[in-house]
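Taking it in order: structure first as structure tokens, then the write-up.
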Amino acid sequence: MSQPIQIESLKIGEQDAFGLVEAAITLDQSRGDKARLAAALEQNLQLWVAIRTLVSDATSGLPDAVKTNLTRLSDFVADTTLKKGVEISDNTITTLVNVNLQISEGLLESANRT
Numbered sequence: 054m055s056q057p058i059q060i061e062s063l064k065i066g067e068q069d070a071f072g073l074v075e076a077a078i079t080l081d082q083s084r085g086d087k088a089r090l091a092a093a094l095e096q097n098l099q100l101w102v103a104i105r106t107l108v109s110d111a112t113s114g115l116p117d118a119v120k121t122n123l124t125r126l127s128d129f130v131a132d133t134t135l136k137k138g139v140e141i142s143d144n145t146i147t148t149l150v151n152v153n154l155q156i157s158e159g160l161l162e163s164a165n166r167t
């Protein structure tokens, strides 16, 4: 039996990736339950606002292209969430889930290189 992940033991990039995966799973599992979906969308939005705040920091050390891409994704997540709310389509939920999973994969790859 595997041990539960202790978030405190993860590197920063791994923690961010874990947060994105956790939000993706919550979004995916909330389909069909508007109360759970509202909470999942709020959690995901807060995560992306935090990501945008981090990449906006001049001392983040991220390349400009990465900053631009993450800012655009943050804008997309915020715009989609605020416009559609719990009336969001399954396809759009899938898109948000995939965005989170792809960015988490990139964060893990980056964390493993350092």
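Using the working numbering, the letters of the sequence shown map in sequence onto residues 54 to 167. C-beta: ideal position from N, C-alpha, C; glycine also.
Three-state secondary structure (DSSP) at residue i?
i    : result
T112 : coil
G159 : helix
R84  : coil
Do residue i and residue j have their C-beta atoms closer together than 7 Å?
i    : j    : result
N153 : A77  : yes
I141 : L80  : no
S157 : V74  : yes
L94  : T134 : yes
Let me confirm a value: residue i is counted as buried when at least 16 other C-beta atoms fall within 10 Å, else exposed. Which label applies?
i   : result
A88 : exposed
D69 : buried
The ligand SAH and residue i: does the residue's C-beta get closer than 6 Å to at least one heavy atom of that ligand?
i   : result
G72 : Among the ligands in the structure shown, none appear at all, so the ligand SAH cannot be discussed.
Touching by the beta-carbon criterion (3+ pairs, under 8 Å), the region 116-134 and the region 90-106: yes
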